[in-house]
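A quick write-up on the structure given underneath.
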Amino acid sequence: MATTGLTPKQEAAFRRSKQLSVEQREELLKPFLPSEPSDSEKEAQRKKALRDRRQRAAQQSRKPLVGPIKTFLHLAIYHVVALLFSVFFRFRRAYRLVRGKVVSLLKYHHRTPEFIAHDVKDLEKLPKHLSVIVDYQEDDGSQGTAGLEGLVNDVCEIAAWAASAGIPFLSVYERTGVLKNYLPQTHASIWSTLEAYFGPRRKPTLSLRAPHLSSYSPPNTPPQSADDELKEEERQHLTVLLLSEHDGRDTIVDLTRTLAEMAQKGDVRQEQINTDLIDAQLNDHVSSEPDLLILFSPTVQLKGYPPWQLRLTEMFHLPDNKGVNYQVFLRALYNFAKVEMRLGR
Numbered sequence: 001m002a003t004t005g006l007t008p009k010q011e012a013a014f015r016r017s018k019q020l021s022v023e024q025r026e027e028l029l030k031p032f033l034p035s036e037p038s039d040s041e042k043e044a045q046r047k048k049a050l051r052d053r054r055q056r057a058a059q060q061s062r063k064p065l066v067g068p069i070k071t072f073l074h075l076a077i078y079h080v081v082a083l084l085f086s087v088f089f090r091f092r093r094a095y096r097l098v099r100g101k102v103v104s105l106l107k108y109h110h111r112t113p114e115f116i117a118h119d120v121k122d123l124e125k126l127p128k129h130l131s132v133i134v135d136y137q138e139d140d141g142s143q144g145t146a147g148l149e150g151l152v153n154d155v156c157e158i159a160a161w162a163a164s165a166g167i168p169f170l171s172v173y174e175r176t177g178v179l180k181n182y183l184p185q186t187h188a189s190i191w192s193t194l195e196a197y198f199g200p201r202r203k204p205t206l207s208l209r210a211p212h213l214s215s216y217s218p219p220n221t222p223p224q225s226a227d228d229e230l231k232e233e234e235r236q237h238l239t240v241l242l243l244s245e246h247d248g249r250d251t252i253v254d255l256t257r258t259l260a261e262m263a264q265k266g267d268v269r270q271e272q273i274n275t276d277l278i279d280a281q282l283n284d285h286v287s288s289e290p291d292l293l294i295l296f297s298p299t300v301q302l303k304g305y306p307p308w309q310l311r312l313t314e315m316f317h318l319p320d321n322k323g324v325n326y327q328v329f330l331r332a333l334y335n336f337a338k339v340e341m342r343l344g345r
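The sequence shown: position 335 = 335 (UniProt numbering), numbered continuously.
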């Protein structure tokens, strides 16, 4: 029989259904309860609980102050850093503007080709194909280049600078392609600017064209004498190409679609479609790769420029510059003359 742990007296009382007293019940449960803590343990527990309450109270009292102080420190550091950068960029921009003004006074072309030729005569090399990115700004009166007239004036000046420097090919990229709708007027404006620079007898011959459009080059007046014929032969020729956003990715998509249709019809084999074929087609329909691309904006923004034509192109832009000016053009040529084309080597 299992042991119940009761004394004979308790067991007898239990058998008789007699109710136990409080002391008897406590005595009955005492073997199954943990021992009572000593006075030292009670004191330690009390001190620990008191210490925990004090720590929680201290944390709660400091908590409302931590947030505003950290926020204030973060804002103060942010404003100090922003102030330092603002002062630095303003001083840098002021320095570059003053430097540009001084250089523009010393290197001003005076709309004379001889001065421009003198500025570039010591350069080891010049780009055979120069490309520029210009913007059509409907409202920019502060820069004097507002609207279509300002855009045409910029193109005319760049064309005159390129011809004076001896650059035979100039491509002008404008995202919307608005100049393509005015080829005769644009040609007449460039022709007039070249005449203002070179004079009527020395101005270069000019041809203006755009992808997917016929070249616009009015016939020149034939020479009247042998001397005039000799001078006519010595006159350089300037080709101006107008590019737009449509001549970039859209042209590549159209070419891909055309090659796919030709491959399906059997006009061309699949193994014949390679980078050389694509390069030749894009050169014929759009343009060759420019040697130098000049951006007249303060940041490098290609704005949809034909990507295939920029694989080996040297790009130049001048920070803090805004608008077309001769100093950016000249510094771009100087920078290009120092560049070494390694072609991946």
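All C-beta atoms, glycine included, are put in the ideal place defined by N, C-alpha and C.
These numbers come from a predicted model, not from an experiment.
- Each of Glu340, Ala188, Arg175 was checked against the Cα of Asp247, and the nearest Cα belongs to Arg175.
- Restricted to the stretch 111 to 173, the beta strand (DSSP E) segments that are unbroken, complete and at least 3 residues in length are 129 to 133, 169 to 173, listed in chain order.
- Under DSSP, the beta-bridge partners assigned to Val240 are Leu170, Leu208.
- The beta-bridge partner set that DSSP reports for Ile294 consists of Val132, Phe316.
- In this structure, Val324 places its C-beta atom within 7 Å of the C-beta atom of Asp154.
- Leu243 sits away from Gln281, with the two beta carbons spaced by 7 Å or more.
- Rounded to the nearest whole angstrom, the CA to CA distance from Ala332 to Thr71 is 47 Å.
- For Tyr216, the secondary structure class from DSSP, reduced to helix, strand or coil, is strand.
- By the C-beta criterion, the stretch 284 to 296 is judged to be in contact with the stretch 311 to 322, since at least 3 inter-stretch pairs fall below 8 Å.
- A contact between stretches requires three or more CB pairs, one per stretch, nearer than 8 Å, and the stretch 260 to 279 fails this requirement with the stretch 200 to 216.
- Taking a contact to require three or more Cβ pairs closer than 8 Å, the stretch 75 to 89 and the stretch 302 to 309 do not qualify as touching.
- Here Ile190 is near Cys156, since their CB atoms are less than 7 Å apart.
- In this structure, Leu241 places its C-beta atom within 7 Å of the C-beta atom of Ser171.
- For His187, the enclosing alpha helix (DSSP H) begins and ends at 183 to 198.
- Here Ala49 has no same chain residue with a Cβ atom under 6 Å from its own Cβ, once five neighbours each way along the sequence are excluded.
- Excluding the 5 residues flanking it on each side, Ala337 has same chain C-beta neighbours closer than 6 Å at Leu123, Glu124, Lys125, in chain order.
- When the alpha-carbon of Lys107 is set against those of Val339, Met341, Lys121, Leu330, the nearest one is in Leu330.
- Residues of the same chain with a CB within less than 7 Å of the CB of Glu195, apart from the 5 flanking positions on each side, are Lys203 in chain order.
- Here the alpha carbons of Gln55 and Phe32 stand approximately 37 Å from one another.
- The beta carbon of Gly147 sits closer than 7 Å to the beta carbons of Glu138 from its chain, once the five residues preceding and following it are set aside; these are given in chain order.
- Between Thr251 and the set Met341, Val286, Lys30, the nearest pair of CA atoms involves Val286.
- The DSSP-derived three-state label of Ile69 is helix.
- For Leu151, the closest of Gln327, Lys180, Phe169 by C-alpha to C-alpha distance is Lys180.
- Scanning the stretch 81 to 109 for uninterrupted alpha helix (DSSP H) segments of 4 residues or longer gives nothing; none is fully contained.
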